[in-house]
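J.: In order, the protein sequence lines correspond to chains A and B.
Position 109, counted from 1, in the first sequence is what my numbering calls 109; the numbers after and before it change by one each time, with no gaps.
For my numbering, add 1000 to where a residue sits in the second sequence, where the first one is 1.
My questions will all concern the structure given below.
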Amino acid sequence: MLSIKGLKVKLEEEDKQILKGVDLEVEAGKVHAIMGPNGSGKSTLSYVLSGKGGYEVTEGSAHLGDIDLLDLEPEERAAAGLFLAFQYPVEIPGVGNMTFLRTAVNAQRKARGEEEMSAAEFLKVVRARAKELKIDAEMLKRPVNMGFSGGEKKRNEILQMAMLEPKMCILDETDSGLDVDAMKLVADGVNALRTEGRGFLVITHYQRLLDHIKPDVVHIMADGRIIKTGGPELALEVENNGYADILSEVA
Amino acid sequence: MAEAATQQTPTEALIATLDLPQGGWSDAARKDALSRLQQAGLPERRDEYWKYTRPDTLTQPQAVSAAVRASEDVALFDQIDRLKLVFVDGVFDADASDDLTLEGITIERLAQANADLHWARDLYGTLEKNGQTPVARPLAALNTAFAADGVLIHVTDKVSKPVNIVYRRTSETADVMLHNVIKLDAGAEFTLLENGPVAARFNGVLEVEVGDNAAFHHVRAQGRDHEQRAATHIFTRLGTESAFKSFTLTANGVMTRNDCVIELTGDDAAAHVAGACVGDGGDFHHDDTVFITHDAVNCESRQVFKKVLRNGATGVFQGKILVKKDAQKTDGYQISQSLLLDEDSQFLAKPELEIYADDVACSHGSTSGAIDEDALFYLRSRGVPHNVATDLLTLSFLAEAVEEIEDETLREEITARLAEWLERHAA
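Below, the structure written as structure tokens:
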């Protein structure tokens, strides 16, 4: 599903290499986790895949199915089925959450040549999905992420994911700033979206999110490369011993 | 010396083309205004408050002709239960207007209100005259002297629905001056709505006397008419515990100058003035000039102005808060911001505070900036195309000004209209 080959990325403005050759294959129906110390390039990977400016790909490729992601604008990548749940969701005053969601859903449908969702149909679906995530009607009416708590912002990200029904979901440190209950709600939301046809890439510092969202494959990233790949036990190893052992083992 | 005698000043040249309406209760006020105009002379570029806005097309004897296009602003408040008054090219259209009877108010036309002892006699030109110091506003004096028509509204009670003055423009050359006077008695409440393009060139004055405990709401949509030129003036005086709230939406118009002069003369009064403006093109020029005088204790004033400028458009904001010596506990707030969608557009802001009281809270801020890249990426990452995302963020930027409209229905009408404009632009 998601296929990354030899991806090298530097900052556009300065001569600083962030990703130094990343290879990664995420199959449909699987959950991959990327763990790693601060500054290893995890978030950069998520931004480059979703098309944020400020980065320059110097080598390598990234495909979603047959589609060359790196050639596309961010909105085209989204329409192709890529979704990034932000570590820090952006507050947008004056734009209602519902307006935003409906604009996004219908823009993607339009881009794919599908029929747009009617207001009534949209309302029905969004209410049902919001209820599952314990997002109340008031939150839907408020401007995007304005005055939302950390947990509400993350639940709002998952709601967007549920509405947009992407093929490939990247979660960038979705657990940051969440207490245990909020994390469980978010994880439940993600687990409900796990299907045969959908891939997940979960970026996190900590094992604890992976207790709730059970990964099939765990990668350790350090200094712009994936240095070790294993099963769920790899996450437990990090939890118990930190990254130092793995880093020295590889070095 | 014969040559010198034929040399007219621009002010004399303009006056020579106009007829002073005569024979009514406003005669004295008109003559008085004429002498104010003659004394001050028409605005020129060297005048301090015309430094950023060229007055010539507003002051020359002949209005520049402006092509007529359909303006959807004419229908802006059609869904609202209101009393409608229609002016076409500055001429009252009785057939298109509603009956002028409404409980709690009397509505008359300036051109017809000729009764000897008229209530407006004490008000017509009075607030305009007060507003001439310390800064002269000659175009307002010109209006008081020569305005052919307008509405006079006396509000004696809480009025059940708004009065909506709808302007339509069918002439490419109409040069129109209208003068509206509104008096709210103590405890009265009234909402005035104005929308549509008035004329190729429009000079407007609105004088509002807000009595003790009275509340006046004003929502205005200028345009949408790319070629019109307008100089408008609001003069208001607020009594004790009264409220004045005015919001103006401007979308295009080749030259717009909106003056708002507010005098807080009763304690515990509140004056809010806000504007949202969308300007497109190198010939777009929009100027908001506000002067608020605090002359009473514990009054609040807010100025919230937002301008979106693209393709070389120019926006100007000149806002002053004057706090007199005894106006303690004044709470003054002023913000003016522009969203510049390209490098050719410009925003010129001149915030001024002049404070003589020692126990006041006054703040002001002015910013110019581009679209927030993080927010833009966030929207695009959800599949919202670049142009639509830009429009959403533009609405988001204007929201703070639009939110100054207290009535939810009116606020939604204005927001919907803004969204429509943006959508059309994107298409």
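Heads up, the beta-carbon is just placed ideally off N, CA and C, and yes, glycines get one too.
(1) Since A/G21 contacts A/R225 with CB under 8 Å, what's their CB separation in whole angstroms?
(2) Between B/P1351 and A/D136, what straight-line distance do the alpha-carbon atoms span, to the nearest angstrom?
(3) At the 8 Å Cβ level, is A/K52 part of the contact set with chain B, yes or no?
(4) Cα-Cα, which of B/A1120, B/E1072 and B/K1161 is closest to B/G1101?
(5) Identify the continuous alpha helix (DSSP H) that holds B/H1386 and give its terminal residues.
(6) Starting from A/S248, trace the alpha helix (DSSP H) both ways and give me its first and last residue.
(7) At a Cβ threshold of 8 Å, is B/E1406 touching chain A?
(8) Taking the C-alpha atoms as reference points, what is the distance between B/A1002 and B/T1009?
(9) Give the interface partners of B/A1375 over in chain A, defined as CB-CB distance under 7 Å, in chain order.
(10) What is the rounded straight-line gap between the Cα of A/N97 and the Cα of B/Q1132?
(11) Can you find at least 3 beta carbon pairs, one from the segment 126-133 of chain A and one from the segment 107-114 of chain A, that sit closer than 8 Å?
(12) Using a Cβ-Cβ cut-off of 6 Å (strictly less than) and excluding sequence neighbours within five positions of B/S1171, which residues of its own chain qualify?
(13) Excluding five sequence neighbours on each side, which residues of the same chain lie with their C-beta closer than 8 Å to the C-beta of B/E1420?
(14) Would you identify the three-state DSSP class for B/A1313, choosing helix, strand or coil?
(15) Compare the C-beta of A/P74 against all C-beta atoms of chain B and say whether one is closer than 8 Å.
(16) Any C-beta of chain B within less than 9 Å: which residues of the segment 165-197 of chain A qualify?
(17) From A/K214 to A/P232, what distance separates their C-alpha atoms?
(18) I'd like to check one pair, B/A1063 with B/T1173: are the Cβ atoms closer than 8 Å?
(19) Going along the chain, which residues of its own chain have a beta-carbon closer than 6 Å to the beta-carbon of A/V9, five neighbours each way excluded?
(20) How long is the line joining the alpha carbons of B/A1426 and B/A1243, rounded to whole angstroms?
(21) Shortest alpha-carbon distance to A/T174 belongs to which of A/A85, A/D188, A/N240 and A/V238?
(22) So which residues of chain B does A/A268 contact, with C-beta pairs closer than 8 Å?
(23) Can you give, in chain order, each stretch of the beta strand (DSSP E) that sits fully within the segment 1103-1162 of chain B and has at least 3 residues?
(24) If we ignore side chains and look at the alpha-carbon of each, how far apart do A/R208 and A/M117 end up?
(25) Would DSSP call B/H1226 helix, strand or coil?
(26) Using DSSP bridges, identify the partner residues of A/A33.
(27) Answer with buried or exposed for B/G1239, where buried requires no fewer than 16 other C-beta atoms within 10 angstroms of its C-beta.
(28) Find the residues of chain A that neighbour B/S1396, judging by a C-beta separation of less than 9 Å, and give them in chain order.
(29) Using the three-state DSSP reduction, which class does B/G1369 fall into: helix, strand or coil?
(30) Using a Cβ-Cβ cut-off of 8 Å, state whether A/L84 counts as contacting chain E.
(31) Below 8 Å between beta carbons: does that hold for B/E1241 and B/D1287?
(32) Using a Cβ cut-off of 8 Å (strictly closer), state whether A/I4 contacts chain B.
(33) State the beta-bridge partners of B/E1300 as determined by DSSP.
(34) Distance check for B/A1370 and A/M35, CA to CA, integer angstroms please.
(35) What residues from chain B crowd round A/Q252, counting only those whose CB sits closer than 8 Å?
(36) Tell me which residues share the same chain as A/S40 and place their Cβ nearer than 8 Å to its Cβ, disregarding the 5 neighbours each side in the sequence.
T.: Here's the rundown:
(1) Confirmed, Cβ separation roughly 6 Å.
(2) So the alpha carbons of these two residues sit roughly 42 Å apart.
(3) Interface residue, yes.
(4) According to the sequence provided, residue 1101 of chain B is Thr. The question's Gly does not apply to it. Nearest of B/A1120, B/E1072 and B/K1161 to B/T1101, Cα basis: B/K1161.
(5) Annotation for B/H1386: the continuous alpha helix (DSSP H) segment containing it runs H1386 to V1402.
(6) Its alpha helix (DSSP H) spans residues A244 to V250.
(7) By this cut-off, B/E1406 is not an interface position.
(8) Residue confidence is low: B/A1002 scores 47 on pLDDT, short of 50, so the model does not pin down where it sits. Its coordinate-derived value is still stated next. Each residue's alpha carbon lies about 15 Å from the other.
(9) Listed by position along chain A, the residues whose Cβ is nearer than 7 Å to that of B/A1375 are V90 and I92.
(10) If I take the Cα positions, the gap works out to 47 Å.
(11) When Cβ pairs closer than 8 Å are counted between the two stretches, the segment 126-133 of chain A is seen not to touch the segment 107-114 of chain A, the count staying below three.
(12) Here the set comprises D1089.
(13) So the list reads E1072, once near-sequence residues are dropped.
(14) Coil, per DSSP.
(15) Closer than 8 Å to some Cβ of chain B, the Cβ of A/P74 qualifies, so yes.
(16) Flagged: no residues at all.
(17) Rounded to whole angstroms, A/K214 to A/P232 spans 8 Å at the Cα level.
(18) For B/T1173 and B/A1063, yes; Cβs fall inside 8 Å.
(19) Cβ neighbours of A/V9 beyond the five flanking positions: I18, L19, V48, Y55 and V57.
(20) Because B/A1426 carries a pLDDT of 48, less than 50, the predicted location of this residue cannot be relied on, and the following value inherits that uncertainty. Looking at the backbone, the Cα of B/A1426 and that of B/A1243 are separated by about 39 Å.
(21) It is A/A85 whose Cα lies nearest to the Cα of A/T174.
(22) Beyond the ends of chain A as shown, which are 1 and 251, falls residue 268 of chain A; an answer cannot be given.
(23) Whole beta strand (DSSP E) segments, 3+ residues: 1105-1109 and 1151-1155.
(24) It is roughly 37 Å from the alpha-carbon of A/R208 to the alpha-carbon of A/M117.
(25) Of the three classes helix, strand and coil, the one that applies to B/H1226 here is coil, per DSSP.
(26) A/A33 pairs with A/V202 and A/V218.
(27) Per the 10 Å Cβ criterion, buried.
(28) Going along chain A in sequence order, the residues near B/S1396 (Cβ under 9 Å) are I92, P93, G94, V95, P143 and V144.
(29) Secondary structure at B/G1369: strand, using DSSP grouped into helix, strand and coil.
(30) Looking for chain E here will not work: the only protein chains present are A and B.
(31) In this structure, B/D1287 does not lie closer than 8 Å to B/E1241 by Cβ.
(32) Chain B contact via Cβ: absent.
(33) Here B/E1300 is bridged, per DSSP, to B/A1270 and B/D1331.
(34) The straight-line gap from Cα to Cα measures roughly 36 Å.
(35) Any question about residue 252 of chain A goes unanswered here, given that chain A covers just 1 to 251.
(36) So the qualifying residues of the chain are M221, A222, D223 and G224.
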